[in-house]
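Right, one structure below, let's go through it.
2 protein chains.
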Amino acid sequence: MTDKPLVNKRGQTEQEYLRTYDASQFERPSVTVDMLIFTVVDEQEENYRKLSPKSLQILLVKRGEHPFLGQWALPGGFVSPRESLEDAAKRELFTETNIQNIYLEQLYTWGDVGRDPRMRVISTSYMALVDSSTLSLQAGDDADEAEWFRIEDKWLKETKTATENGTVTEKWLELRLVNAKEELSATIKITKTIANRIVQEKREIVDAGNIAFDHAKLIQYALERLRGKIEYTDIAFALMPELFTLSELQQVYEVILGKELLAAAFRRKVADKVLETNQYRKHAGHRPSKYYRFNPEWMEQS
Amino acid sequence: MTDKPLVNKRGQTEQEYLRTYDASQFERPSVTVDMLIFTVVDEQEENYRKLSPKSLQILLVKRGEHPFLGQWALPGGFVSPRESLEDAAKRELFTETNIQNIYLEQLYTWGDVGRDPRMRVISTSYMALVDSSTLSLQAGDDADEAEWFRIEDKWLKETKTATENGTVTEKWLELRLVNAKEELSATIKITKTIANRIVQEKREIVDAGNIAFDHAKLIQYALERLRGKIEYTDIAFALMPELFTLSELQQVYEVILGKELLAAAFRRKVADKVLETNQYRKHAGHRPSKYYRFNPEWMEQS
DNA sequence: CGAATAGTGTCTTTGAGACAGTATTGG
DNA sequence: CCAATACTGTCTCAAAGACACTATTCG
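So the sequences go chain by chain: P and B.
Every letter in the first sequence is one number past the one before it in this note's numbering, and letter 34, counting from 1, is 34.
Every letter in the second sequence is one number past the one before it in this note's numbering, and letter 144, counting from 1, is 1144.
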């Protein structure tokens, strides 16, 4: 541009402007991160030769302070002034699970007013995927009371109504989080509005069960995103240990998608994404299965 | 649970706790929304019988204050204490374009430190899609200087390096925003790290061109999301007027994806999503095309 | 042996890509 | 007429679904 310093309407240069800038002139919300930490673990096996069924689990912490004292909430906390959002997420993850360098992805930022009775809080949710073998290393740590809950959802009912220029579909879902000791159940309503060729979706908590804040909603949303992503990306591998059998990989897909897959088609689909090893999983009362590992050369992705 | 009121470690009930809660104890960032407002418009037609080529455009405003005085930025602003994030986005959209009730979707929240030299700013980007016919209603309004820019990106180079436990791929892209009066060009580097079966992506600005803040990065990210979404959702219709021909719809897909599509396959793909009318687009020096409208009964989507 | 999982072969179905061929207009 | 787009028919190819069939172990 020009050599003369740029000035604003009051004749200030950038240095002058910044020196006199009052950063406290606007009322500011608090910003937090909420962690959706998922893993897939083996349940008890009844029969020595049967495959142990797997379940999808999420980590929750029991609140030791108001509000929602004694209820279960997502791990998370305030973003401090000198750390990035992602660093805050990594820090929370580490203090909660003692694990670093795992899959971490920003999901959504929840910014409704009244989410927290104390003050205006805007919170960004991050999804983390932990492989169950790494997981066993983790001890209960500093986290006062953190527990894994098996996560399930159930379709309850659906209504579809015509409007002037489109339709409104309401869907009720039950979200269940089950533990050896506890059983939480929340109801969420998803409203999908189609008007003038524009689709919009809204999520409301009908019954928060015993889940703190609006976290039931965040969990349901994360579950939906996890399901979507597992179909068109390779995030499933983030839930697997270094070595795994194709049956185990298929089980992970099945427990997340909530439906059975055909082995032949599944194997074709993942064939290029994995590398054979010459190790076998044995002593199982049936034909041993070959161990595979992730193929890092697999580059044709999102 | 019990009939006795729950108390925390200091013996406070929830009411007592909230009454004495000091909401100002943590330093808080500023929160803003940034709007990525896209539309597809017809360019000049040279030949009376040729179809007018379309271009993807994005709305930018010229900064009238430091920092980045005189540069182009995304429309946006602070979230006020009593409005939700989405309401803030709608408000910004309305003050900028005078349009309501259009497609609006939250994309990502940018929370690195140092994004704004004034203070810590966390900002959530929203993508809005405007159909070009509605658009013509909009006048330059209160927005000091808002302009549409044609948006293009160009692949520059790519490097792939092996690391101990995976690979790192770096990709440089040029983002060009062109106008009758201005021409902005930024360079962005996307780093994709694959380590231990975990894929992670990072975006950096190599050269911000004349685009304020880190907005070149936000625009490039939004463009990528728009491209992804147009393939597996029906957001394209949000860019179309009430009535459109299938060729126009195909042009919108083509300009966003940056590649040509085969008409036969395209028509098969959208066949169920549209409804025929018995109106025709005429006076074009060739066979007239039938007008279609969006089919709101099309419900098998995300 | 036989229960149970591991893994393959192949037929069918579906959908996308390719491309030629027909239809229709206005200057 | 002819340039240009609109629209259809059909062949090919690739991926997904379905399902039967073979392979292998260990109590």
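Where a beta carbon is used, it is the ideal one built from N, C-alpha and C, also for glycine.
Note that the coordinates shown come from a computational prediction; the quantities given were computed from them, not determined experimentally.
Does residue i come within less than 8 Å of chain B when only Cβ atoms are used?
i: residue 85 of chain P; result: yes
i: residue 18 of chain P; result: yes
i: residue 94 of chain P; result: no
i: residue 29 of chain P; result: yes
i: residue 34 of chain P; result: no
i: residue 329 of chain P; result: Outside the displayed span of chain P (1 to 302) sits residue 329 of chain P, for which this structure offers no information.
i: residue 137 of chain P; result: Its pLDDT being 49, under 50, residue 137 of chain P is placed unreliably in this model, and the coordinates cannot settle the point.
i: residue 2 of chain P; result: Unreliable placement is indicated for residue 2 of chain P, whose pLDDT of 47 sits below 50; no coordinate value is reported for it.
i: residue 8 of chain P; result: yes
i: residue 209 of chain P; result: no
i: residue 40 of chain P; result: no
i: residue 206 of chain P; result: no
i: residue 75 of chain P; result: no
i: residue 140 of chain P; result: Note that residue 140 of chain P scores 49 on pLDDT, short of 50, meaning its location in the model is unreliable; the coordinates nonetheless yield the value given after this. For residue 140 of chain P, the answer is no, since every Cβ of chain B falls outside 8 Å of its Cβ.
i: residue 256 of chain P; result: no
Do the CB positions of residue i and residue j come within less than 8 Å of each other?
i: residue 110 of chain P; j: residue 214 of chain P; result: yes
i: residue 256 of chain P; j: residue 56 of chain P; result: yes
i: residue 30 of chain P; j: residue 1082 of chain B; result: no
i: residue 1070 of chain B; j: residue 1033 of chain B; result: no
i: residue 1242 of chain B; j: residue 1293 of chain B; result: yes
i: residue 171 of chain P; j: residue 198 of chain P; result: no
i: residue 1188 of chain B; j: residue 1173 of chain B; result: yes
i: residue 216 of chain P; j: residue 156 of chain P; result: no
i: residue 1096 of chain B; j: residue 1129 of chain B; result: no
i: residue 254 of chain P; j: residue 246 of chain P; result: no
i: residue 1296 of chain B; j: residue 166 of chain P; result: yes
i: residue 1184 of chain B; j: residue 1039 of chain B; result: no
Chain P partners of residue i, CB-CB under 7 Å?
i: residue 1238 of chain B; result: 197, 198
i: residue 1109 of chain B; result: 85, 106, 109, 124
i: residue 1214 of chain B; result: Going along chain P, no residue has its Cβ under 7 Å from residue 1214 of chain B, so there is no contact; the nearest lies around 12 Å.
So with CB distances below 7 Å, who are the chain B contacts of residue i?
i: residue 278 of chain P; result: Result: empty, since nearest Cβ-Cβ is about 19 Å, beyond 7 Å.
i: residue 78 of chain P; result: 1026
i: residue 272 of chain P; result: Result: empty, since nearest Cβ-Cβ is about 14 Å, beyond 7 Å.
Express the C-alpha separation of residue j and residue i in angstroms, rounding to a whole number.
i: residue 1105 of chain B; j: residue 1150 of chain B; result: 21 Å
i: residue 1266 of chain B; j: residue 1202 of chain B; result: 33 Å
i: residue 51 of chain P; j: residue 1154 of chain B; result: 50 Å
i: residue 137 of chain P; j: residue 1015 of chain B; result: At residue 137 of chain P, the pLDDT of 49 sits below 50, so the modelled position is not reliable; the number obtained from the coordinates is stated separately. If I take the Cα positions, the gap works out to 40 Å.
i: residue 238 of chain P; j: residue 192 of chain P; result: 31 Å
i: residue 19 of chain P; j: residue 1117 of chain B; result: 11 Å
i: residue 163 of chain P; j: residue 169 of chain P; result: 10 Å
i: residue 1285 of chain B; j: residue 1048 of chain B; result: 7 Å
i: residue 44 of chain P; j: residue 1132 of chain B; result: 59 Å
i: residue 140 of chain P; j: residue 226 of chain P; result: Per-residue confidence for residue 140 of chain P stands at a pLDDT of 49, beneath the threshold of 50, marking its modelled position as unreliable; no derived number is given.
i: residue 271 of chain P; j: residue 263 of chain P; result: 12 Å
i: residue 125 of chain P; j: residue 36 of chain P; result: 7 Å
i: residue 1066 of chain B; j: residue 1195 of chain B; result: 41 Å
i: residue 206 of chain P; j: residue 240 of chain P; result: 35 Å
i: residue 1079 of chain B; j: residue 290 of chain P; result: 55 Å
i: residue 6 of chain P; j: residue 13 of chain P; result: 6 Å
i: residue 277 of chain P; j: residue 1221 of chain B; result: 38 Å
i: residue 244 of chain P; j: residue 281 of chain P; result: 9 Å
i: residue 1210 of chain B; j: residue 17 of chain P; result: 20 Å
Anything in chain B within Cβ reach of residue i, meaning under 9 Å, just list it in chain order.
i: residue 67 of chain P; result: 1014, 1017, 1018
i: residue 234 of chain P; result: 1197, 1199
Considering Cα atoms alone, identify which of the options is closest to residue i.
i: residue 1186 of chain B; options: B/1171, B/1208, B/1172; result: B/1208
i: residue 1234 of chain B; options: B/1274, B/1119, B/1012, B/1147; result: B/1274
i: residue 1042 of chain B; options: B/1251, B/1210, B/1287, B/1277; result: B/1251
i: residue 22 of chain P; options: B/1007, B/1113, B/1119, B/1026; result: B/1119
i: residue 93 of chain P; options: P/61, P/65, P/290, P/40; result: P/61
i: residue 1008 of chain B; options: P/63, P/152, P/121, P/146; result: P/63
Just checking: is the beta-carbon of residue i within a distance shorter than 8 Å of some beta-carbon in chain P?
i: residue 1021 of chain B; result: yes
i: residue 1179 of chain B; result: no
i: residue 1103 of chain B; result: yes
i: residue 1070 of chain B; result: yes
i: residue 1061 of chain B; result: no
i: residue 1113 of chain B; result: yes
Closer than 7 Å: is that where the CB of residue i sits relative to any heavy atom of the ligand NAD?
i: residue 10 of chain P; result: Looking at this structure, you won't find the ligand NAD or any other ligand, since it has none at all.
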